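Chains as they are written, first to last, in the numbering used here: chain A, 1 to 409; chain B, 1 to 409.
Cβ coordinates follow ideal geometry from the N, Cα and C atoms, glycine included.
Computed from a prediction, not measured in an experiment: that's the story for all the values here.
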Amino acid sequence: MNIAGLLAWRNLWRHRRRTWLTVGAMIFCNALLVFLIAIQLGSYRMMIDNTLSAFTGHLQVQHPDYREEQHMELTVPDAAALAQRVRETPGVSAAAARAEAYALASSDERSFGIQLTGVQPAVEPQVSTYPGLVAQGRYLADGQAAEVVIGRILARNLKLGLGDELTFLGSGRDGSIAAGVARVVGIVDSGIADIDRAVAQVPLGYFQQVFFMGNRGHSVVARVQDLEQTAAVVARLRRELPGGGELAVLDWDTLQPGLREAIRTDMVSAWFMYAVLIVLVALSVLNTQLMSVLERTREFGVMLALGMRPGRLARLVALETGFMSLLGLGLGALLGGLIVLYFSYIGFSYPGMAEAAAKFNLPPRIYPTISLTALLLGPLIVFAGALLAALYPALKLLRMEPVAAMRAV
Amino acid sequence: MTLPDGMARLAWRNLWRNRRRTLIMLLAVVVGVWAMVFMTAMMRGMVDEMVRNGLEQLPGEVQIHHPDYRNDPSVVNSIPPPAGDLRAALQRPPVAAWAARVRVPAMVSSARGNRGVTLLGVDPASERALGSAPEQLVAGRFLSGPGDRGVVLGQRLVERLETDLGKRVVIMSQDPHNNVADRGVRVVGIYRARLPGDEERYVYAGRAAIQELLGIGEQVSEIAVTGRDYRAVDAWVGRVAAAAGPGLEVLSWRRLDPFLDTMLGLQDGFALVFMVVVFLALSFGLVNTLAMAVFERVREIGLMQALGMRPGLILYQVVLESLFLLALGLVLGNLLALATIRPLESGIDVSSVARGMEMFAMGTTLYPALDGRDMLLSTAVVLGLGLLASLVPAWRAARLDPVRALNTH
């Protein structure tokens, strides 16, 4: 190591306690940031995954006007073939065709308005977690059978059990009355009241029959292999699918705009808090380095008088701060990483999370994962902040006048 | 002048012997305190908003239902309108307003489409008193009375159904004998709600008209009650429950929406944790500053001790220095917080993330809520923990050996 480096390092340890206190502030802040950011990123990921894997999927292919107004006649032609086409596109891990309608569902005793969805029983479980939540009976199997799976609360309100018949009434694609009778083969418990109360699924073939859809559907829902690649896959699909304005490919951000905005809102408030912590640490470093420079005024005066250029002196202070910050970064990231590792095994939960889980589709415990971003983002900003803070004392050095400095008390 | 008095003046002057250092530390404390109070005000504002929105959605702070209604919100589980004891209990303060309403699931159909909705049969005067009448009417008027035979729809529902003011729609629901009850009605008003989902879900009609449609006589689905201060609801809900008798279920909003209750309860905990974390970040700098201040004055302290000053008073003086600094920072920080929060109390517009806010059940304006107790809390945390933090350097100062100290270079 060259002289400047060696000198800077030794200068740090001339005042152990002071250096350790400053480094301690950085370690505390860095560890906290690593932990909080890991939790934050982990919970965002989970929120996105949970919300999208419920029904929305990562992207959908629909009639261009369907998202705005869900009219029965805004269909995509030959839905099953389209789903197959999407499935074969590189980057797509699964695709399923769907059709939807509002209908009045009745049992012997009650009627309720519901959202009826026609699905492809073989592939729907690959794009949605809903089929996996069947609590009683089984999911749909045959693509043409007159069967239905309903939510737990709907079953209770309609007083239906497995094997009972559900009558539904709606309007078909051509505007005429569509009616059907289906047998309840499965009851789903998703844990979310709104879904369990209002969702029912029938096989796509049966839906198309009852609602006079022919081979048409309303959307093809697809999952991609890598969430980050969604935009690329969407672009590819847009190129490869037939044009003519008949089909629109929509990514999940368009389908669920609230999701990204909710994350953004949460991020803003989190970063506000991080900014406060970083400013406080930077002020701490500023103070320390300033004092350290001022108390060595005589020493620096002698060095300057002996011919050292002010620029090199300033660099010395910068190096001292740099070493301290590196220590703080390294140890802080390490400590933070260990804490995250610990929680990645036992899961992290705070009071109120269980209720939030029920309401917002968040998992009741978060298992943070260590990613490079989480580990380094916070500490790097603290590092930069500390270096910035050291600018002021370093600049003071540049204007030091040797004679006056040597005589300083 | 007694010794402690002199010590206080000495402590104060010692602070300003090194202006720059003190000022930087002061800046850090001000920023820290400001952040503590500001963030807590923002959080309280958000939770307050969430609770108010939640209460408007319920609506009311207390609701009275048939015991089976919450599980099965259909017309079968209706209750008689309040009479006798219950009515008397509802007229007494602190109950401010109550409304008896019919709330059942229904379908609304226009020529172009149909939708499942929640039909509300209300008395407009009571709804207004309760605060649950739609705030904003974009066309037409609200209901004129419980006998009004028109309906008021949300803007988004009107768009989905492609209907308009003055046009007819058909509302279809179920009577207690599971027969379909439907009627053509005219749209007399269109409203906007804060949450777009509400606009699609709630349809307002005259209570008497709906009671007649469903053939339930004078019965209603629920009685919503409000007492104006949601925090004080536990005081009177028991009385109302007793007056209602064992055949009715009377619940406060805490039981109806446990998430809101938890959020409210957690606020104080979160505020405290946040303040402690911010202070910890500050404390490293504080201890450093104090230690350096003591270090510079070792000879002076040695002299004072040699002249007979007891170590206890040295401790007292150093601690006082720190407390003065913190107290000054507290005053300035709190003033700064006041100055920045007051202008924002009329609301921060966050409509750019409106859909995200809707996911958190909040509107598009954030209102920070400054609570005097938070300023007190920040004071307690800063002074209390500050006292602890400054004890270490103060203790070391008090234990200096006078002879060694005097001979220090």
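| Three-way DSSP call (helix, strand, coil) for R110 of chain A in this model | Here R110 of chain A carries a coil assignment [DSSP, helix/strand/coil].
| task | Return the residue from the list B:A398, B:N334 and B:A281 that minimises the CA-CA distance to F28 of chain A. | result | Of B:A398, B:N334 and B:A281, the residue nearest in Cα terms is B:A281.
| query | For R149 of chain B, which of helix, strand or coil comes out of DSSP? | reply | Three-state result, R149 of chain B: coil.
| query | Can you list the residues of chain A that T289 of chain B reaches, using a CB-CB cut of under 7 Å? | reply | Under the 7 Å cutoff, chain A gives N287.
| query | What's the gap between the Cα of I278 of chain A and the Cα of M26 of chain A? | reply | So the alpha carbons of these two residues sit roughly 9 Å apart.
| field | Bridge-paired residues (DSSP) for Q63 of chain B | value | B:A224 and B:L251.
| Alpha-carbon spacing of L119 of chain B relative to V187 of chain B, whole angstroms | Roughly 14 Å separates the two Cα atoms.
| field | Sequence ranges, alpha helix (DSSP H) only - wholly within the stretch 247 to 312 of chain A, length at least 4 | value | For the stretch 247 to 312 of chain A, the full-length alpha helix (DSSP H) segments reaching 4 residues or more read 252 to 255, 257 to 295 and 297 to 305 along the chain.
| request: Apply the 10 Å Cβ neighbour rule to G118 of chain A and answer buried if 16 or more other Cβ atoms are within range, or exposed otherwise. | output: When all chains shown are included, G118 of chain A counts as buried.
| said: Just to make sure I have the definition right: I need the residues of chain B whose C-beta is within less than 9 Å of the C-beta of T22 of chain A. Which are they? | reply: Proximity of chain B to T22 of chain A at the Cβ level (cut-off 9 Å) is accounted for by F284, G285 and N288, in chain order.
| task | Have a look at A89 of chain B and A243 of chain B and give me their C-alpha separation to the nearest angstrom. | result | Between the C-alpha atoms of A89 of chain B and A243 of chain B there is a straight-line separation of about 6 Å.
| message | My assumption, with CB atoms under 8 Å, is that A397 of chain B sits in contact with V294 of chain B. Please give the rounded CB distance. | response | With a Cβ gap of about 5 Å, A397 of chain B and V294 of chain B count as contacting.
| message | Using 8 Å as the threshold, is the C-beta distance between L162 of chain A and V185 of chain A below it? | response | With respect to V185 of chain A, L162 of chain A sits close: the two C-beta atoms are nearer than 8 Å.
| Cβ-based neighbour list, V104 of chain A, same chain, cut-off 8 Å, excluding 5 preceding and 5 following | Reading off the sequence shown, one finds Leu at residue 104 of chain A, where the question assumed Val. Closer than 8 Å at the Cβ level, and outside the excluded window around L104 of chain A, lie S111, F112, G113, I114, F168, L169 and G170.
| With contact counted as at least three CB pairs below 8 Å, one residue from each stretch, are the stretch 31 to 45 of chain A and the stretch 368 to 381 of chain A in contact? | With contact defined as three or more Cβ pairs closer than 8 Å, the stretch 31 to 45 of chain A and the stretch 368 to 381 of chain A are in contact.
| For V407 of chain A, which of A:G385, A:R298, A:G307 and A:L380 has the nearest alpha-carbon? | The residue you asked about is not Val; residue 407 of chain A is Arg in the sequence shown. Minimum Cα distance to R407 of chain A is reached at A:R298.
| task | Flag this pair as touching only if the stretch 207 to 224 of chain A and the stretch 70 to 83 of chain A have three or more C-beta atom pairs under 8 Å; answer yes or no. | result | Taking a cut-off of 8 Å for Cβ pairs, the stretch 207 to 224 of chain A and the stretch 70 to 83 of chain A touch, as three or more such pairs fall below it.
| For R197 of chain A, the nearest candidate out of B:A369, B:R70 and B:G140 (CA to CA) | Selected option, being the one with the closest Cα: B:R70.
| request: Leaving aside the five residues before and after L370 of chain B along the sequence, list all residues of the same chain whose C-beta is less than 6 Å from its C-beta, in chain order. | output: The residues A41 and I341, in chain order, have a CB closer than 6 Å to that of L370 of chain B in the same chain once the five nearest residues on each side in sequence are set aside.
| said: Quick check: what's the CA-CA separation for T365 of chain B versus I348 of chain B? | reply: I348 of chain B has its alpha-carbon roughly 5 Å from the corresponding atom of T365 of chain B.
| Which of the three DSSP states, helix, strand or coil, is assigned to M375 of chain B? | In the structure shown, the three-state DSSP call for M375 of chain B is helix.
| request: Take the Cβ of W16 of chain B as the centre, count every other Cβ of all protein chains shown within 10 Å, and call the residue buried at 16 or more, exposed below. | output: By the 10 Å Cβ count, W16 of chain B comes out exposed.
| field | Proximal chain B residues relative to F28 of chain A, where beta-carbon distance stays under 8 Å | value | Neighbours of F28 of chain A on chain B, chain order: L280, A281 and F284.
| Can you find a CB in chain A that lies within less than 8 Å of the CB of S78 of chain B? | By this cut-off, S78 of chain B is not an interface position.
| field | Partners in chain A for A35 of chain B, counting only beta-carbon separations shorter than 7 Å | value | Those within 7 Å of A35 of chain B in chain A are V276.
| field | Outcome for E88 of chain A when other beta-carbon atoms lying within 10 angstroms are tallied against a minimum of 16 | value | Classification of E88 of chain A: exposed, given that the 10 Å Cβ count is below 16.
| query | CA-CA distance, V202 of chain A and H63 of chain A? | reply | When the Cα atoms are used, V202 of chain A and H63 of chain A turn out to be separated by approximately 21 Å.
| message | Closest to E222 of chain B by C-alpha separation, out of B:D401, B:P67 and B:T379, would be which residue? | response | If we check each option's Cα against that of E222 of chain B, B:P67 comes out closest.
| message | Cβ closer than 8 Å: which chain A residues qualify as neighbours of Q174 of chain B? | response | Counting only Cβ-Cβ distances below 8 Å, Q174 of chain B has contacts in chain A at R110 and S111, in chain order.
| query | Does the stretch 331 to 338 of chain B touch the stretch 301 to 312 of chain B, meaning 3 or more C-beta pairs lie closer than 8 Å? | reply | Judged by Cβ distances under 8 Å, the stretch 301 to 312 of chain B makes no contact with the stretch 331 to 338 of chain B, as fewer than three pairs qualify.
| Residue environment, T22 of chain B, which counts as buried when at least 16 other CB atoms sit within 10 Å | Burial call: buried.
| query | According to DSSP, is Y342 of chain A helix, strand or coil? | reply | Y342 of chain A: helix per DSSP, three-state reduction.
| query | Exposed or buried, what is G347 of chain A when buried is set at 16 or more other beta-carbons lying within 10 Å of its beta-carbon? | reply | Per the 10 Å Cβ criterion, exposed.
| query | How about R20 of chain B: is its C-beta nearer than 8 Å to some C-beta of chain C? | reply | Among the protein chains of the structure shown, namely A and B, there is no chain C.
| message | One question on the structure: do V432 of chain B and V203 of chain B come within less than 8 Å of each other, judged by their Cβ atoms? | response | Here chain B covers residues 1 to 409 and nothing more, so residue 432 of chain B does not appear.
| In three-state DSSP terms, what is D349 of chain B? | Under the three-state reduction of DSSP, D349 of chain B is assigned to strand.
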